[in-house]
Every structure is written in structure tokens, then in C-alpha cells.
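Engineer: Anchor point for the sequence shown: position 134 equals 136 in this note's numbering, and the numbering is continuous, going up by one each time. From the three backbone atoms N, C-alpha and C, an ideal C-beta is built for every residue, glycine too.
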Amino acid sequence: MEKIKDILKFAMKMEKDAENFYNYYMDRVESESIKNMFSELSKMEREHYEILKDKFEQLEFKEPPLTISWVVDDDSRVVDPSIIHFNSDLIGEDEKEMSDLTIIRMAYHMENDFVMFYKNAAAEAEDAEAKKFLEEIVKWEESHRDIFQKKYEELTKKHWKNITNIIFK
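1. Residue 108 by DSSP, collapsed to three states: which one?
2. Where does residue 118 land, buried or exposed, given buried means 16+ other C-beta within 10 angstroms?
3. Once DSSP output is grouped into helix, strand and coil, what is the label at residue 30?
4. State the Cα-Cα distance for the pair residue 152 and residue 44, rounded to the nearest angstrom.
5. Using the Cβ count rule (16 or more neighbours within 10 Å means buried), how would you classify residue 126?
6. Can you list, in chain order, the residues of its chain whose CB lies under 8 Å from that of residue 103, leaving out five sequence neighbours each side?
7. Contact defined as beta carbons within less than 8 Å: I believe residue 24 pairs with residue 40. What is the distance between those atoms, to the nearest angstrom?
8. Just verifying my parser: in three-state terms, what is the DSSP assignment at residue 56?
9. Give the secondary structure of residue 61 by DSSP, where H, G and I count as helix, E and B as strand, and everything else as coil.
10. Do you know offhand how far residue 146's Cα is from residue 19's?
11. For residue 95, which three-state DSSP category applies?
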């Protein structure tokens, strides 16, 4: 049971971090469709957190884990104009949507990490019910990852038409 407790605690933190990620970047991407996607995913991650918390409490783990958001206010965050366009005067208006690509790529990798974590956790789970529960979460996270992979490829193909055959072999 200690392993399941640790899995649930870590999973709750991951889901909370994902919710914070989507909330933070929701107003920083240019594309309305991506803003809407992030809004919906933020809600889903909140729901995932609540489901995990309920399971944690059902198993009589009385203390939910402390979650610390990596999101900081605009005054104290590091400014790196080479990564996110809203920190830079170097990128023109017509290139701003292209910078959404960086945020989408980060989201893809975050969701892919979640898929791997839950798959590995399910493989480690000895309790059949816990294994089934974790395998269900794998499906949630795979659907999120797949959304971002599709969006990443779409934006990449839109902006890098002449080299997409090199990027997507």
C-alpha cells in the first residue's frame, strides 16, 4: 500500500502542475483554438486531480500531498526571449502564432511524461484494482498527448512547409 500511496501522491502533484501549466499559458498563446484547448485541459486536469484525491482518501490516506506550483508571477519569472515570444521584441506580429509551437511542444512532452509514469506505475501495481485504475489514467493521458502531437505537427507543417519531410520522417 505504501507504493500506491506514493504513486497517488506523485500523480496528484503532476495533475496539479498540469492544471497550473494550462492556466498559465492559456492567456499567453496567440491562437484562440489553443486558448480554448488549454481551458478545457485545465478543467480536465482539475478533474483528474479530484479523482486521484478521492481514491487517495478512499484508501484512507488522510493527508493529501502538498502541491507547489512552478508558476510564478510575471515579476519574478525568468525572461528568455529565445523561448517564448511574449518576452521578446525581436519577433514580429506575423510570427507570433509560430511561437505557440514551443508551448504546444512543452505540453506534448509533459503529457508524454504522464503517459510513461502511469504505464510504469500500472506495471508496478500489485493490486488488480489499482492496476486497472492506473491503466485507465494512461488512456486519459494518451488522449491528451495525442491532441498535442497532432497540433504540434499541424503548426509545424504550417510554418515549416519546405522542411516538414525532414522533421516528420
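Structural biologist: Answer, in terms of the structure:
1. helix
2. exposed
3. coil
4. 18 Å
5. exposed
6. 154, 157, 158, 161
7. 4 Å
8. helix
9. coil
10. 15 Å
11. Only weak support is given to the placement of residue 95: the predicted model assigns it a pLDDT of 44, under 50, and the value that follows is read from those uncertain coordinates. Helix at residue 95.
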